[in-house]
Amino acid sequence: MKEHSSQTRREGATTVVPIHKPKLDFSDKKVLCSAVCKCKSMPAIGADGRSLKQECVSARLKALDVALDHRSLYKAEFTYDMTKRPPEPFLDKVVDTKSRTLWPGWTKTLWPKDSSHPVPYKPGRGYTRRPDVIIVKDPTKPPTQDNIKQVVEIKFPGDPFRPRQREDYIVIAGDEMKMVPLASD
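Using our numbering, you'd call the opening residue of the sequence shown number 364 and step up by one each time.
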């Protein structure tokens with residue numbers, strides 16, 4: 364990775380800024396773009412008639428993970444506990460490469476069991492985040508920060524980044540160069 368010094372502070376310190384943007388390698392891009400293209404042309408449709416493109420992509424990647432006995436390189440919609448450093452994924456009690464199923468009301472039952480959590484859980488405070496896709500290095504291990512190859516946020520038209528979303532995904536990834544936005548133009 365090449366770096367470039369772009370600013371000099373009064374004290375003579377330099378700010379190092381990467382000159383290359385993070386990107387997906389060919390094989391990962393092929394898998395993700397296949398799901399995105401399929402869902403863009405044939406999305407799921409919600410009860411209210413909305414086009415559910417993102418839900419379609421997640422469902423396809425989750426089905427791949429199930430077919431591979433939860434050993435896929437691509438983990439869709441894993442929830443991360445942002446109160447931990449580094450952030451920790453909520454994992455299934457039995458299969459450590461599978462996301463824990465979070466049901467309505469889990470914030471009142473599961474969340475308070477960890478005494479380090481802020482209680483009560485308050486939505487919108489950034490306690491949890493759920494990136495679209497985590498690409499893991501080793502599919503036999505959980506998607507913890509040391510096993511994350513990349514965090515991918517898929518953006519369909521009209522779906523901008525929410526406040527702090529990009530920054531939080533960089534924290535999950537552990538490195539700015541491992542957070543990749545994927546636009547579906």
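Backbone N, C-alpha and C define an ideal beta-carbon position, used for all residues, glycine too.
Option in the options with minimal Cα separation from residue i
i, options, result
"Gly521", "Ser404, Thr442, His383 and Ser414", "Ser414"
"Tyr443", "Val499, Arg492, Ile511 and Trp469", "Arg492"
"Pro467", "Pro449, Pro486 and Pro526", "Pro486"
"Arg527", "Pro385, Lys386, Tyr490 and Cys402", "Tyr490"
"Glu440", "Leu431, Gln417, Thr446 and Lys456", "Gln417"
"Val457", "His433, Pro475 and His480", "His433"
Cβ-Cβ separation, residue j to residue i (assumed contact under 8 Å), whole Å
i, j, result
"Asp459", "Pro505", "5 Å"
"Val496", "Leu395", "7 Å"
"Asp538", "Met445", "In fact, because the Cβ distance is near 17 Å, the residues do not count as touching under 8 Å."
Residue burial classification, residue i (beta-carbon count within 10 angstroms, cutoff 16)
i, result
"Ser397", "exposed"
"Pro452", "buried"
"Ser390", "exposed"
"Met405", "exposed"
"Ile511", "buried"
"Lys393", "exposed"
"Ile408", "exposed"
"Cys402", "buried"
"Val429", "exposed"
Residues near residue i in its chain [Cβ-Cβ closer than 8 Å; skip 5 each side]
i, result
"Lys518", "Phe524, Pro544, Leu545, Ala546 and Ser547"
Euclidean distance between Cα positions of residue i and residue j
i, j, result
"Met364", "Ile533", "Low confidence applies here, because Met364 scores a pLDDT of 31, under 50, leaving its location unreliable and the question unanswered by this model."
"Gln508", "Lys500", "10 Å"
"Ser435", "Tyr484", "31 Å"
"Thr464", "Leu473", "11 Å"
"Thr470", "Pro449", "20 Å"
"Leu387", "Pro494", "16 Å"
"Pro502", "Asp411", "36 Å"
"Val420", "Ile498", "14 Å"
"Leu431", "Pro481", "36 Å"
"Lys541", "Cys400", "23 Å"
"Lys461", "Pro385", "26 Å"
"Pro475", "Arg488", "16 Å"
"Ala536", "Lys425", "20 Å"
Cutoff 8 Å: residue i Cβ touching any chain C Cβ
i, result
"Glu539", "Absent from the structure: chain C. Only one protein chain is present."
Same chain, Cβ closer than 6 Å to residue i, five either side skipped, listed in chain order
i, result
"Arg423", "Ala398"
"Gln513", "Ile498, Lys541 and Val543"
"Lys438", "Ile497 and Pro506"
"Asp455", "Lys461 and Arg463"
Contacts around residue i, its chain only, beta-carbon distance under 7 Å, and the 5 residues preceding and following it disregarded
i, result
"Lys447", "none"
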